[in-house]
Structure formats: C-alpha cells, structure tokens
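First up is the structure itself, then whatever we jot down about it.
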Amino acid sequence: MKTIYIILMFGAAFLALYEQSKPQEETNVVVMIAAIAAFMVGLMRLMAKVPSKNNRDKEEEDV
19 MKTIYIILMF GAAFLALYEQ SKPQEETNVV VMIAAIAAFM VGLMRLMAKV PSKNNRDKEE
79 EDV
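Read in order, the letters of the sequence shown are residues 19 to 81 in my numbering.
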C-alpha cells in the first residue's frame with residue numbers, strides 16, 4: 019500500500035508541475051488543485067503510518 023501512495027504522490031506532483039509550466043492561457047486550475055489535493059492526501063496517508071518519536075520516549079519513561 020505504501021508503494022501505491024508513493025507512486026500517487028510522484029504522479030500528482032509531476033502533473034501539478036506540468037500544468038504550472040504551461041502558458042497562462044492553457045493552464046487548467048482545476049487540474050492543478052486536484053493534483054495538489056491528491057499529493058497532500060497521499061502524504062497524509064503515508065505519514066500516518068510513521069510512529070511519533072515522542073510517544074516512544076514517553077513509553078520508556080513510564081517503565
């Protein structure tokens with residue numbers, strides 16, 4: 019599942035950068051917003067699986 023989110027994030031980042039590089043008349047703002055939103059959702063899902071460093075320190079102090 020992690021690989022899918024990484025691929026999604028790279029694809030969305032590439033799409034947003036590609037849309038931004040187009041001339042002003044051809045830029046589709048909706049596509050850029052959707053790509054940025056997909057990137058942020060992928061980043062959120064990917065970071066949700068990383069444990070917090072502070073939680074581990076608190077558990078060690080309790081023991």
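Where a beta carbon is used, it is the ideal one built from N, C-alpha and C, also for glycine.
Q | Cβ-Cβ distance between Ala53 and Glu37 below 8 Å | A | Taking 8 Å as the Cβ cut-off, Ala53 and Glu37 qualify as a contacting pair.
Q: May I ask you to report which of helix, strand or coil DSSP gives Asn46?
A: coil
(Q) What does the Cβ neighbour count give for Ala66, buried or exposed, with the cut at 16 atoms within 10 Å? (A) exposed
Q.
Using only CA atoms, which one of Pro69, Gly60, Lys71 and Ser70 lies nearest to Thr21?
A. Gly60
Q: Put Val59 into one of helix, strand or coil per three-state DSSP.
A: helix
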